[in-house]
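Novice: Before I ask anything, here is the structure I am working with.
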């Protein structure tokens with residue numbers, strides 16, 4: 002059977018880093034589900050699906066990385082806000098460090114010259 | 036931010052009901068946690084991008100549960116097709132696909148509203164199904180005599196030997212409770228073979244309703 006080349010799929014990449022992206026957004030300020038989606042998209046993650054973000058929020062909340070509170074609305078359904086917990090902050094730091102190491106390794110592989118230049122500037 | 040029209044709110048509520056339907060196999064607490072706050076979030080999405088932005092509710096529910104780290108719904112493509120239960124799982128997949136095709140054909144605002152009401156009215160169907168089972172029992176124990184809505188309305192002479200109003204009442208309570216229990220279990224998602232049995236039982240019960248209503252002795256008294 003012939004193999005095939007898989008090109009970089011931003012949607013697949015996103016799945017692996019959505020936790021750290023959501024934690025980073027909530028580290029700046031608390032937010033409700035769609036607000037987090039908007040902030041992720043504004044940061045350039047256009048392909049992020051809202052259901053993926055809501056599911057991630059619920060999972061991070063269940064793991065203790067996030068806290069949540071309800072803000073009633075006089076005009077419509079209530080909003081469920083999420084904020085980051087100390088556990089979430091330490092998890093964010095750990096994942097940030099991992100991400101930096103990972104991207105540096107990939108940079109060296111896909112663009113060694115650029116990576117060398119950046120290394121020299123640093 | 037633009038405030039959505041009231042009609043849109045209804046559409047969002049119907050959509051959330053459909054998503055909850057596809058999360059029916061989860062326990063109530065998990066389902067509530069997954070969908071709490073969703074109406075407000077979706078109202079914002081619709082205000083930004085219109086109702087076209089609402090994806091297929093089944094796909095949406097799958098994405099939601101996958102991101103939340105929960106197992107796929109029983110009988111969906113996430114199951115292992117290499118196991119010996121492949122044939123049964125294949126029938127699950129066929130039933131799912133049939134449901135999806137019907138839904139794609141009828142999908143509209145009106146259909147979503149009807150589906151949402153149908154979900155709310157489901158416990159009423161469970162009671163009707165229990166009642167049909169009771170009527171089948173009455174028919175079996177009373178021959179050609181008429182059936183009654185409640186067990187204690189039955190004439191004493193219509194009981195065969197060994198049966199009484201007390202037995203009827205116990206049977207009535209048991210079949211009603213069983214029907215409710217099966218309904219609650221099925222809401223969480225069944226896989227074949229129970230799913231096929233239930234489909235057959237439900238179809239038989241639905242078809243039998245008219246037959247039994249026609250035989251019901253005091254139907255006019257209860258309906259008017």
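Protein chains in written order, with this note's numbering: chain D, 2 to 123; chain E, 36 to 259. A virtual CB, placed ideally from N, CA and C, is assigned to each residue, including glycine.
Taking only beta-carbon atoms, is residue 113(E) less than 8 Å away from chain D?
Specialist: The residue you call residue 113(E) lines up with position 78 of the second chain. For residue 113(E), the pLDDT reaches just 47, beneath the cut-off of 50, and the residue's location in the model is therefore unreliable, although a value from the coordinates is still provided. Closer than 8 Å: no.
Novice: Tell me the rounded alpha-carbon separation between residue 56(E) and residue 187(E).
Specialist: The sequence position of residue 56(E) within the second chain is 21, counting from 1. The sequence position of residue 187(E) within the second chain is 152, counting from 1. Each residue's alpha carbon lies about 37 Å from the other.
Novice: Going by beta-carbon coordinates alone, are residue 141(E) and residue 244(E) separated by less than 8 Å?
Specialist: Residue numbering aside, residue 141(E) sits at position 106 when the second chain is read from its first letter. Residue numbering aside, residue 244(E) sits at position 209 when the second chain is read from its first letter. In this structure, residue 244(E) does not lie closer than 8 Å to residue 141(E) by Cβ.
Novice: So residue 92(E) packs on residue 50(E), CB below 8 Å; how close in whole Å?
Specialist: Position 57 of the second chain, counting from 1, holds the residue named residue 92(E). Position 15 of the second chain, counting from 1, holds the residue named residue 50(E). That pair is a contact at about 6 Å.
Novice: Confirm, please, whether the CB-CB distance from residue 65(D) to residue 24(D) is below 8 Å.
Specialist: Counted from its first residue, the first chain places residue 24(D) at position 23. Counted from its first residue, the first chain places residue 65(D) at position 64. No. Outside cutoff.
Novice: For the region 28-35 of chain D and the region 76-87 of chain D, state whether three or more C-beta atom pairs, one from each stretch, are separated by less than 8 Å.
Specialist: Yes, they touch.
Novice: Short of 6 Å in beta carbon distance, which residues of its chain neighbour residue 222(E), apart from the five on each side in sequence? Order them along the chain.
Specialist: Residue mapping note: residue 222(E) aligns to position 187 of the second chain, counting from 1. The answer, listed in chain order, is 59.
Novice: By how many angstroms is the C-alpha of residue 79(E) removed from the C-alpha of residue 16(D)?
Specialist: As a working note, residue 16(D) is residue 15 in the first chain. As a working note, residue 79(E) is residue 44 in the second chain. Looking at the two C-alpha atoms, the distance is approximately 23 Å.
Novice: Alpha helix (DSSP H) containing residue 157(E): first to last residue?
Specialist: For the purposes of this step, residue 157(E) is taken as residue 122 along the second chain, with counting starting at 1. Segment 157-177, the alpha helix (DSSP H) holding residue 157(E).
Novice: Please say whether residue 22(D) and residue 46(D) have beta carbons closer to each other than 8 Å?
Specialist: Taking the first chain and counting its residues from 1, one reaches residue 46(D) at position 45. Taking the first chain and counting its residues from 1, one reaches residue 22(D) at position 21. Cβ atoms of residue 46(D) and residue 22(D): closer than 8 Å.
Novice: State the CB to CB distance for the pair residue 233(E) and residue 209(E), rounded to an integer number of angstroms; the pair is presumed to be in contact (CB under 8 Å).
Specialist: Here the question's residue 233(E) lines up with position 198 in the second chain. Here the question's residue 209(E) lines up with position 174 in the second chain. At roughly 18 Å, the Cβ-Cβ gap does not stay under 8 Å, so residue 233(E) and residue 209(E) are not in contact.
Novice: Just checking: is the beta-carbon of residue 100(E) within a distance shorter than 8 Å of some beta-carbon in chain D?
Specialist: Within the second chain, the letter at position 65 stands for residue 100(E). It does; some Cβ of chain D falls within 8 Å.
Novice: Check residue 117(E) in the structure and name its three-state DSSP category.
Specialist: The count along the second chain starts at 1 and reaches residue 117(E) at position 82. Its pLDDT being 49, under 50, residue 117(E) is placed unreliably in this model, and the value from its coordinates should be taken loosely. Residue 117(E) falls in the coil class under three-state DSSP.
Novice: Return the Cβ separation of residue 93(D) and residue 28(D) in integer angstroms, given the expectation that the two are a contact with Cβ distance under 8 Å.
Specialist: Translated into positions along the first chain, residue 93(D) becomes position 92. Translated into positions along the first chain, residue 28(D) becomes position 27. So it is a contact: roughly 6 Å between Cβ atoms.
Novice: Please confirm whether residue 78(D) and residue 75(E) have their CB atoms less than 8 Å apart.
Specialist: As a first step, residue 78(D) must be located in the first chain, where it is residue number 77. As a first step, residue 75(E) must be located in the second chain, where it is residue number 40. Yes, the Cβ-Cβ distance between residue 78(D) and residue 75(E) is below 8 Å.
Novice: Quick one: is residue 134(E) near chain D, going by C-beta distance under 8 Å?
Specialist: Indexing the second chain from 1 puts residue 134(E) at position 99. Output row for residue 134(E): interface = no.
Novice: Assuming residue 169(E) and residue 206(E) are in contact, meaning their beta carbons sit under 8 Å apart, how far apart are those beta carbons, in whole angstroms?
Specialist: If you number the second chain from 1, residue 169(E) lands on position 134. If you number the second chain from 1, residue 206(E) lands on position 171. Confirmed, Cβ separation roughly 7 Å.
Novice: Output, in sequence order along the chain, the residues in the region 70-94 of chain D whose CB is closer than 8 Å to any CB in chain E.
Specialist: Flagged, chain order: 71, 74, 76, 77, 78, 79, 80 and 81.
Novice: Does the CB of residue 74(E) have a neighbour CB from chain D at under 8 Å?
Specialist: The residue given as residue 74(E) occupies position 39 in the second chain. It does: the Cβ of residue 74(E) has a partner Cβ on chain D nearer than 8 Å.
Novice: With distances taken Cα to Cα, identify the nearest neighbour of residue 149(E) among 161(E), 52(E) and 177(E).
Specialist: Position 114 of the second chain, counted from the start, is the residue given in the question as residue 149(E). Selected option, being the one with the closest Cα: 52(E).
Novice: Quick one, which of 44(D), 101(D) and 20(D) has its alpha-carbon nearest residue 60(D)'s?
Specialist: In the first chain, the residue the question calls residue 60(D) occupies position 59. Closest option to residue 60(D), Cα to Cα, is 20(D).
Novice: With a threshold of 8 Å on Cβ separation, who are the neighbours of residue 103(E) within its own chain once the five nearest residues in sequence on each side are excluded?
Specialist: On the second chain, residue 103(E) is found 68 positions in, with the first residue counted as 1. For residue 103(E), where only same-chain residues beyond five positions count, the Cβ hits under 8 Å are 69.
Novice: Tell me which same chain residues have a C-beta within less than 7 Å of the C-beta of residue 47(E), skipping the five on either side of it?
Specialist: The residue labelled residue 47(E) in the question sits at position 12 within the second chain. Correct list, in chain order: 74, 77, 78 and 81.
Novice: Taking Cβ to Cβ, would you say residue 96(E) is nearer than 8 Å to residue 54(E)?
Specialist: Residue mapping note: residue 96(E) aligns to position 61 of the second chain, counting from 1. Residue mapping note: residue 54(E) aligns to position 19 of the second chain, counting from 1. For residue 96(E) and residue 54(E), yes; Cβs fall inside 8 Å.
Novice: Would you mind working out which of 181(E), 228(E) and 63(E) sits nearest residue 248(E), comparing C-alpha positions?
Specialist: Within the second chain, residue 248(E) is the residue found at index 213, counting from 1. It is 181(E).
Novice: Any beta carbon of chain E sitting closer than 8 Å to that of residue 44(D)?
Specialist: Locating residue 44(D) in the first chain gives position 43, where the first residue counts as 1. It does not; no Cβ of chain E falls within 8 Å.
Novice: In whole angstroms, what separates the C-alpha of residue 135(E) from that of residue 86(E)?
Specialist: Here residue 135(E) corresponds to residue number 100 of the second chain, with the count starting at 1. Here residue 86(E) corresponds to residue number 51 of the second chain, with the count starting at 1. So the two alpha carbons sit approximately 20 Å from each other.
Novice: Determine the direct distance from the alpha carbon of residue 64(E) to that of residue 100(D), and round the result to whole angstroms.
Specialist: Residue mapping note: residue 100(D) aligns to position 99 of the first chain, counting from 1. Residue mapping note: residue 64(E) aligns to position 29 of the second chain, counting from 1. Taking the straight line from one Cα to the other gives about 34 Å.
Novice: Taking 8 Å as the CB-CB limit, is residue 57(E) close to chain D?
Specialist: Residue 57(E) sits at position 22 when you count from the first residue of the second chain. Chain D contact via Cβ: absent.
Novice: Within a Cβ cutoff of 8 Å, which residues of the same chain sit near residue 215(E), ignoring the five residues on either side of it in sequence?
Specialist: One-based indexing of the second chain puts residue 215(E) at position 180. Once the five neighbours on either side are set aside, the close Cβ partners of residue 215(E) are 158, 161, 162 and 165.
Novice: Can you give me the Cβ contacts of residue 68(D) inside the same chain, cut-off strictly under 6 Å, excluding the 5 residues immediately before and after it?
Specialist: Here residue 68(D) corresponds to residue number 67 of the first chain, with the count starting at 1. Here the set comprises 84 and 86.
Novice: Using DSSP's beta-bridge definition, name the partner residues of residue 107(D).
Specialist: Within the first chain, numbered from 1, the residue matching residue 107(D) stands at position 106. According to DSSP, which records beta bridges pairwise, residue 107(D) is partnered with nothing at all.
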